[in-house]
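Each residue of the sequence shown is one higher than the one before, counting from 798 in our numbering.
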Amino acid sequence: MNAGILLVAAQRDLRRSLFDALDRAGYARLHSARDISHAAILLEGNAAQEPLQLMVIVLEGDEAEACAACEQVRRLPGAAEAPLIAVLADGASCSPADLPPGIADWLCAGQIATELVARWQRLPVAAGTGAVPAAWGAASDWRCAFEEGGGEWLMADVQSGRLLEVSPGVIRHSRLPASEWAGLTLAEAVQFSGDSSTDIFAEADRLWHPARRKSSLGYDTGQVNVRRVEHGGSDALALQFRSDRADLRPEAALSLLSRLFASGSGVDAQSAGAQLLFDELALDYLAVWSVRPETADAPTQILQLCREEHAQWPAGYLQSSLQLVLGGQAMRYQSDAGKLAAVDPLLQQLDLAGFVGLPLYDERHSVLGALLAGSRRGFAEMAVVEPVLRCAAARFARTLELQRTREQGRAEGLVDALTGLPNRLLFNDRLEAILREAVRNGECFALLFVDLDRFKAINDTYGHATGDQVLRTVTQRLRGSIRASDTVARYAGDEFTIVLRHIVKNDDVLRVAEKIVQVMESPIFLEDDIELQVTVSMGVSFFPDDANDAETLLKHADEAMYSAKHLGRNNFQIYEVSPEYAREHGMALKTRLRHAEGNGELRVVYQPQVNAETEDIVGMEALVRWEHPELGMISPAVFIPLAEETGLIVSIGEWVMHTACRQAREWEQRYGLRLRLGVNLSAVQLMEPQLLEMVARALRETGLDPTLLEMEITESISIKAAPNLVENLNALHRLGCHIAIDDFGTGAASLDYLRRLPADRIKVDQSFVRNIGVDPDDEAIVRATIEMAHRLNRAVVAEGVETEQHLQFLRDHHCDELQGYLFCRPLQPISFEKMLAERQRLLEVRQAEPA
Ligand SMILES: Nc1nc2c(ncn2[C@@H]2O[C@@H]3COP(=O)(O)O[C@H]4[C@@H](O)[C@H](n5cnc6c(=O)[nH]c(N)nc65)O[C@@H]4COP(=O)(O)O[C@H]3[C@H]2O)c(=O)[nH]1
798 MNAGILLVAA QRDLRRSLFD ALDRAGYARL HSARDISHAA ILLEGNAAQE
848 PLQLMVIVLE GDEAEACAAC EQVRRLPGAA EAPLIAVLAD GASCSPADLP
898 PGIADWLCAG QIATELVARW QRLPVAAGTG AVPAAWGAAS DWRCAFEEGG
948 GEWLMADVQS GRLLEVSPGV IRHSRLPASE WAGLTLAEAV QFSGDSSTDI
998 FAEADRLWHP ARRKSSLGYD TGQVNVRRVE HGGSDALALQ FRSDRADLRP
1048 EAALSLLSRL FASGSGVDAQ SAGAQLLFDE LALDYLAVWS VRPETADAPT
1098 QILQLCREEH AQWPAGYLQS SLQLVLGGQA MRYQSDAGKL AAVDPLLQQL
1148 DLAGFVGLPL YDERHSVLGA LLAGSRRGFA EMAVVEPVLR CAAARFARTL
1198 ELQRTREQGR AEGLVDALTG LPNRLLFNDR LEAILREAVR NGECFALLFV
1248 DLDRFKAIND TYGHATGDQV LRTVTQRLRG SIRASDTVAR YAGDEFTIVL
1298 RHIVKNDDVL RVAEKIVQVM ESPIFLEDDI ELQVTVSMGV SFFPDDANDA
1348 ETLLKHADEA MYSAKHLGRN NFQIYEVSPE YAREHGMALK TRLRHAEGNG
1398 ELRVVYQPQV NAETEDIVGM EALVRWEHPE LGMISPAVFI PLAEETGLIV
1448 SIGEWVMHTA CRQAREWEQR YGLRLRLGVN LSAVQLMEPQ LLEMVARALR
1498 ETGLDPTLLE MEITESISIK AAPNLVENLN ALHRLGCHIA IDDFGTGAAS
1548 LDYLRRLPAD RIKVDQSFVR NIGVDPDDEA IVRATIEMAH RLNRAVVAEG
1598 VETEQHLQFL RDHHCDELQG YLFCRPLQPI SFEKMLAERQ RLLEVRQAEP
1648 A
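Pasting the structure below:
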């Protein structure tokens, strides 16, 4: 039995690529972890310390960080002996040479899809770990190492010391036919430098030793390692040889790529990257050209390296190879580029035998330029040179594209001159950034597409100057209707776009949309006593409910805006998915949700609650997240209703309860802080006859003091419609747990709730808190709620505290505790723990200071 494969990568897309690569190859039991603590949680069930089949860890940062990460991963259950493959992330500043000992192999992040499985299968250690693919055949037979990939392996009989077999890699790289190897002794084939070879053979220690391997030119220097294996039923020695020869090998190519990627992406980095390619691939010519198909300008050379100093450079239009590449044709000549010389004066002059020409493409696959590389000797290892050049070409293309986008931005400006709002270009950029952040934090946001009704008529009747005044007034009104953290932009002539961030309930957005429609209805008074009324039609789409990407979200909001126009203008419409799509999408999500818990895709994050006066932490709310392998972080606002519909909420809720109680107990023991833990209970859970038993079990198994646990129940549950609700809550109260009423003020039964339920605390809903300083009616609700709760001896927590103004108001009105982004966002356990440790450190420093 083995415990499966562990994947550790901080970046979601890398985690995804690792998972996909192994999943596609048919490996089961993949534990995909964000970091070491997450990995520890996933391997928690591995108490028997079953060995892991493989561990793949993506390394970021410098050498010390990489070594620390490898050491930590080794300490996980079942990880001590498991083969470890390191992946160097693009940002890693450690080089392959710095990698700690004990790494079975390494590759670059960009190689995961193509290389990971092949490398794993090529790893000799893979053979001994059980569930390896059938292609490996009998685990004890080392023939697999000979059949897979291009590595250099030599196998010798222990008794006679004679070679049994050499891999095709040895034959290829030594340039000696198989017949030359047959019958040789190991000592004739490989010579160790320094040490006595017999000792090394005897110890078979798997360390890399300097050595020379026979070749057509005498010997190639390099390194060798030796292992004792069973081969074809008898004892054998397996030697793996790594040549130092200048010829580019896969390993050298990967190392080159990793250095290329580490060289950054600016213009200087581009020259440094080109120089690296030129030196390492031993090129005689390397050039990068740029072309702008939208203009009639001739292509320009942006970079050139050449060993021939006195070449007469023909103009670009005379270089037929360049013209072909700029026309989108890739060229690839291993050693016969000479035949192009007749038609290309450059190749003729440089006398190139090997030549590769690659178009540089932008995102839309238009040609932006060309990469040309040539060698007089030809390319011996074309199978390696070409992919390296392709990766380099993709990188040059990205830099070129970025430069052009920046130039375009500067030329067009990013801010609309009339209204001072971001223009379409800047808005699109911001929307992408908001989207990335929302994915990272599992947040929802709304996109509003606002179109002025009949604006053209205003322009035609009153002139453009009046039209401009109207647009400025509309801008002010839009800005006044949203929060500072939201974004409004002038998307085109009379179209505006708005992003409302951090939304918890879709109803909050509807309130803002209603408000915009209303404020627009007030007349606009212009110079010359002109009074106008401008109305808007608006469409709303939601992330992630309606789409996961910016383009589709905009498209959906735009479609909804057109339905608002069709419905008589001066209104807003929410994007509605077609019933079939909703059904399919919902079904697919539900199916995935069934496996989310088992697949380890659920996470619990924790948001601190602080004392309103001291701002010191007094509690935390546990909030669940679903890290879907394809869709990214899914907000509970999306999947809790699905979980409720399917009944899965019972097991998900139980998992959250256990995880959060265990975490709270751990922090309590480590920091001695008696932090209250708030856990949400859904209506479905509250009606469950086994609720009390489930909570009692979680408390018993984790050892958390019941008085530290607080159940958060939403006020929108109807007491009448929920059998067992009052009994369940009374029983939980008797157990010692606290009860908090969540979203207070949003339901119709607030007072009834307070009267009939054993509530200790109420949480003022964030839709009211958000409007402090904006809407006097909502301020009055917050004030009244605090007063009433205090009169009934209940404590009050305000949710969604985002600004200093909110804080001041709540303090002035004696709210007890606060929760919101002003203090802290919901945090992953590792970050929450860092915060607790930092708090403790500060306290200790303060105590140590003389009074
Ligand atoms: N805009 C804004 N938002 C803030 C701020 N401070 C906190 N929030 C968000 O407000 C929500 C507070 O949780 P809630 O009202 O219980 O509302 C929760 C709760 O009703 C439900 N939920 C979350 N976890 C669970 C769970 O484990 N079980 C159940 N049954 N429901 C859960 O999903 C709802 C949404 O949760 P989240 O998306 O995590 O959203 C959280 C939190 O991220 C702020 O300053 N500004």
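Even glycine gets a Cβ: it sits at the ideal position worked out from N, Cα and C.
Asked                                                                                                                         : Found
Per-residue burial, Ser994 [other beta carbons within 10 Å of its own, 16 or more giving buried]                              : Confidence at Ser994 is low in this model, with a pLDDT of 49, below 50, so its placement is unreliable and the value that follows should be read with caution. Buried is the call here.
Lys1560 versus Gly1570, His1587, Val1571 and Asp1574, residue with shortest Cα-Cα distance                                    : His1587
Ligand 1 heavy atom lying under 8 Å from the CB of Val1594                                                                    : no
Outcome for Ser814 when other beta-carbon atoms lying within 10 angstroms are tallied against a minimum of 16                 : buried
Start-to-end residues for the alpha helix (DSSP H) that takes in Tyr1372                                                      : No alpha helix (DSSP H) contains Tyr1372, which DSSP labels as neither H nor E.
Start and end residues, beta strand (DSSP E) containing Ile1295                                                               : Glu1292 to Ile1300
Beta-carbon separation (whole angstroms), Ala763 vs Val805, contact threshold 8 Å                                             : This structure does not reach residue 763, given that the chain is present from 798 up to 1648, and the question cannot be answered.
Beta-carbon contacts of Leu1607 that lie in its chain and below 7 Å, excluding the five residues immediately before and after : Ala1409, Ala1595, Val1598 and Leu1615
Three-state secondary structure (DSSP) of Asp1213                                                                             : coil
Arg1174, DSSP secondary structure in three states                                                                             : coil
Separation of Arg1422 from Phe1193, as counted between CA atoms                                                               : 38 Å
Cβ pair Leu1228, Thr1272 closer than 9 Å                                                                                      : no
Environment of Gly1166 [buried if 16+ CB atoms lie within 10 Å]                                                               : buried
Sub-9 Å separation of Val981 and Arg959 beta-carbons                                                                          : It is Leu, not Val, that sits at residue 981 in the sequence shown. Cβ atoms of Leu981 and Arg959: closer than 9 Å.
Distance between Pro1341 and Arg1298 (C-alpha atoms, nearest Å)                                                               : 12 Å
Limits of the unbroken beta strand (DSSP E) element including Asp1248                                                         : Cys1241 to Leu1249
Same chain, Cβ closer than 8 Å to Gly1617, neighbours up to 5 away in sequence not counted                                    : Gln1563, Val1566, Ala1595, Glu1596, Gly1597, Val1598, Glu1599 and His1603
Proximity test, Pro1433 beta-carbon vs ligand 1 heavy atom, cut-off 8 Å                                                       : yes
CA-to-CA distance, Ser1132 to Pro897, given in whole angstroms                                                                : 39 Å
At least 3 beta-carbon pairs within less than 8 Å: the stretch 1386-1397 vs the stretch 1429-1448                             : yes
Nonlocal neighbours in the same chain, by C-beta distance under 6 Å from Arg1009, ignoring five residues either side          : Gln988, Tyr1016 and Thr1018
Alpha helix (DSSP H) segment containing Ala986, residue limits                                                                : Leu983 to Ala986
is_contact[Ala1519, chain C] using C-beta, thresh 9 Å                                                                         : Checking the listed chains, one finds no chain C in this structure; it contains a single protein chain.
Residues near His1610 by beta carbon distance below 6 Å, same chain, minus five either side                                   : Arg1580 and Ile1583
Closer than 8 Å: His1299 CB and nearest ligand 1 heavy atom                                                                   : yes
Per DSSP, cross-strand counterpart(s) of Trp1285                                                                              : Before going further, note that residue 1285 is Val rather than Trp in the sequence given. DSSP output for Val1285 lists Ile1295 as bridge partner(s).
Whole-angstrom distance between Trp1452 and Leu1651, CA atom to CA atom                                                       : Here the chain covers residues 798 to 1648 and nothing more, so residue 1651 does not appear.
Any non-hydrogen atom of ligand 1 closer than 8 Å to Asn1367 Cβ                                                               : no
Proximity below 9 Å, CB of Leu1506 to CB of Arg1473                                                                           : yes
Unbroken alpha helix (DSSP H) run spanning Gly1151, endpoints                                                                 : No alpha helix (DSSP H) contains Gly1151, which is instead part of the beta strand (DSSP E) from Gly1151 to Tyr1158.
Supposed contact pair Leu1215 and Leu1223 - C-beta distance, whole angstroms, cut 8 Å                                         : Not a contact, Cβ separation roughly 15 Å.
Leu885 to Leu1522 span [Cα, whole Å]                                                                                          : 53 Å
Coil, strand or helix - Ala936 by DSSP                                                                                        : Confidence in Ala936 is poor, its pLDDT being 34 and thus under 50, which makes the residue's placement too unreliable to answer from.
Glu1424: CB within 8 Å of a non-hydrogen atom of ligand 1                                                                     : no
Closer than 8 Å: Tyr1403 CB and nearest ligand 1 heavy atom                                                                   : no
Own chain, CB closer than 7 Å to Arg916, minus 5 neighbours either side, in chain order                                       : Ile882, Asp902 and Leu904
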